[in-house]
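Take any residue in the sequence shown, note its place counting from 1, add 475, and you have its number in the numbering used here. Ideal Cβ positions, reconstructed from N, Cα and C, are used throughout, including at glycine.
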Amino acid sequence: MIEVENEKELTLIDHLVELRDRILKSLLAVIVLFLALFAFSNDIYTYVADPLISALPEGTSMIAIDPTSPFFAPFKLTFYVAFLIAA
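As structure tokens, then:
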């Protein structure tokens, strides 16, 4: 194990400030990735939905049960993809 000689003990406030900085950097990374992937949100949705649509029985289709789901589903999926890439 490597020991650091100049290791100083942090206070609770220092730990909270460090946690805040790391959370903000992580959130910024997710937002930047989401904005970069936003233009491809319909393509990402199509890529994920195609295997599901092909597995449906003949003569059936996917339906939206919520009025906003056709609009928000690609964006939510894009957010999840951005979150996974940032992790």
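With a minimum length of 4 residues, the unbroken runs of alpha helix (DSSP H) contained wholly in the region 513 to 548 fall at 516 to 530. DSSP places THR553 in the helix class (H, G or I) of the three-state scheme. Nearest to ASN517 by C-alpha distance, out of GLU484, PHE547, ALA561, ILE560, is PHE547. When secondary structure is reduced to three states using DSSP, GLU493 falls in the helix class.
From the listed residues LYS500, ALA504, ALA530, GLU533, the smallest Cα separation to PHE554 is found for ALA504. By alpha-carbon distance to ALA524, the top candidate from ILE498, VAL492, PRO549 is PRO549. Take the alpha-carbon of GLU482 and the one of ALA557: they are about 35 Å apart.
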